[in-house]
Amino acid sequence: TPSKVDMSADRVTNNEWTVAEYFSVKETLGFLIFMDSFQMRNLPNIFDPVTLPMVVAAGTVQTAFESMHTQAYQFMAETLIPPSERDGIYDRWKDSPALKKRILTISKIAQDYLNDQTLENYYKLLIANLILEGLYFYQGFNFFDQLAHRNRIVQSAKQIDYIRRDEFTHMGLFVQMIKELGVDEELIIAMFREAVENEIEW
7 TPSKVDMSAD RVTNNEWTVA EYFSVKETLG FLIFMDSFQM RNLPNIFDPV
57 TLPMVVAAGT VQTAFESMHT QAYQFMAETL IPPSERDGIY DRWKDSPALK
107 KRILTISKIA QDYLNDQTLE NYYKLLIANL ILEGLYFYQG FNFFDQLAHR
157 NRIVQSAKQI DYIRRDEFTH MGLFVQMIKE LGVDEELIIA MFREAVENEI
207 EW
């Protein structure tokens, strides 16, 4: 659980950030917090039509893990960001067009499925979740890895290591679900290309 990681050392090293690093910490945390909270609420929609008990069970476990991930990011925010600035990171997407675009890449597809629960929209939702788990989250993790490599916020990076271990299994689950429905390479490549372009822009 996130509380098992002692975050006290990071309170010292975060004073060594450059202005650009501090800005990026807030941007990245804001994105990860928003999207993991979104994922926790969205997963029941994904696994509701599934009938295979093993997959349903895996989805239930994943939902619980996403809750722990959100708690870990909360610990990081409380450690790294002063109280006077903390509330702002939860709404950063409203003032950052590139950040908002990344969020909408996933959330719009989820809403499309809720509005029209066709197999085609469900398939797109699975791909979107693979993008979230296997591209967007990992890019956020990489930023904290880079800071830890320079001996900054090492304990936060340890939280990320635990989260990454979980996301690897989640990504594998979505890969198998997509394969079960049949691999539409053109659609997968097109959706990943859009996500990568949004990521580069951010």
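The opening position of the sequence shown corresponds to residue 7 in this note's numbering, with each subsequent residue numbered one higher. Glycine included, C-beta positions come from ideal geometry on N, C-alpha and C.
Where residue i sits in the DSSP three-state scheme
{"i": "W99", "result": "helix"}
{"i": "F178", "result": "Per the sequence presented here, residue 178 reads as Gly, with Phe not at that position. Correct three-state label for G178: helix."}
{"i": "Q68", "result": "helix"}
{"i": "A15", "result": "coil"}
{"i": "G188", "result": "coil"}
{"i": "D122", "result": "coil"}
Counted within 10 angstroms of its Cβ, other Cβ atoms place residue i as buried (16 or more) or exposed
{"i": "R17", "result": "exposed"}
{"i": "N135", "result": "buried"}
{"i": "I87", "result": "buried"}
{"i": "A64", "result": "buried"}
{"i": "V31", "result": "buried"}
{"i": "D42", "result": "buried"}
{"i": "Q152", "result": "exposed"}
{"i": "R158", "result": "buried"}
Which listed residue (the options) has its alpha carbon closest to that of residue i
{"i": "Q77", "options": "R98, G94, F40", "result": "F40"}
{"i": "L141", "options": "T66, N121, F37", "result": "F37"}
{"i": "F3", "options": "N148, L35, E139", "result": "Since the first and last residues shown for the chain are 7 and 208, residue 3 lies out of range."}
{"i": "L35", "options": "R171, D190, G94", "result": "G94"}
{"i": "M82", "options": "S162, Y144, A154", "result": "S162"}
{"i": "Y28", "options": "F150, K10, F180, K185", "result": "F150"}
Problem set entry | Entirely enclosed alpha helix (DSSP H) segments - the region 135-172, minimum 4 residues | 143-155
Exercise. Contact between the region 102-117 and the region 59-70: three or more CB pairs below 8 Å?
Worked result: no
Problem set entry | the region 124-139 in contact with the region 38-56 per 3-pair CB rule at 8 Å | yes
Exercise. Is the number of C-beta pairs between the region 152-169 and the region 193-202 that are closer than 8 Å three or more?
Worked result: no
For this session: Evaluate the contact criterion for the region 171-181 versus the region 110-117: three or more CB pairs, one atom per stretch, below 8 Å.
Result: no
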